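Engineer: The following block contains the structure, expressed as structure tokens.
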Amino acid sequence: MAIHEQGQPTLTNDQEKLNKGLLDILYKLTINNDLNDSTIEDINSLCMQRS
Numbered sequence: 007m008a009i010h011e012q013g014q015p016t017l018t019n020d021q022e023k024l025n026k027g028l029l030d031i032l033y034k035l036t037i038n039n040d041l042n043d044s045t046i047e048d049i050n051s052l053c054m055q056r057s
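By the count of our numbering, the sequence shown reaches residue 57 at its end, each step adding exactly one.
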């Protein structure tokens with residue numbers, strides 16, 4: 007993880023994309039209670055990106 011001048015960690019683009027993807031999934035699960043096939047595919051694709 008890169009370190010910013012003030013010592014704050016900065017996220018790489020990949021990390022930001024992962025975070026956004028996870029937040030989107032959490033939003034779907036909590037707000038819409040929407041655990042459908044597309045949500046499961048989103049989770050699987052995020053897991054594949056990590057490995």
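For each residue, glycine too, the CB sits at the ideal point set by N, CA and C. In this text, all values refer to a predicted model and were calculated from it rather than measured experimentally.
Hey, glutamine 55 and leucine 24 are a contact pair by Cβ (cut 8 angstroms); roughly how many whole angstroms apart?
Structural biologist: Between leucine 24 and glutamine 55 the Cβ distance is about 7 angstroms, and since that is below 8 angstroms, they are a contact.
Engineer: Grab the span of the alpha helix (DSSP H) containing lysine 26 for me, first residue to last.
Structural biologist: 19-33 is the span of the alpha helix (DSSP H), which, as asked, contains lysine 26.
Engineer: Please name the residue in Thr36, Ile37, Ile31 whose C-alpha comes closest to that of glutamate 47.
Structural biologist: Of the listed residues, the one whose Cα sits closest to glutamate 47 is Ile31.
Engineer: May I have the straight-line CA-CA distance separating lysine 34 from aspartate 20, to the nearest angstrom?
Structural biologist: Between lysine 34 and aspartate 20, the C-alpha separation is close to 21 angstroms.
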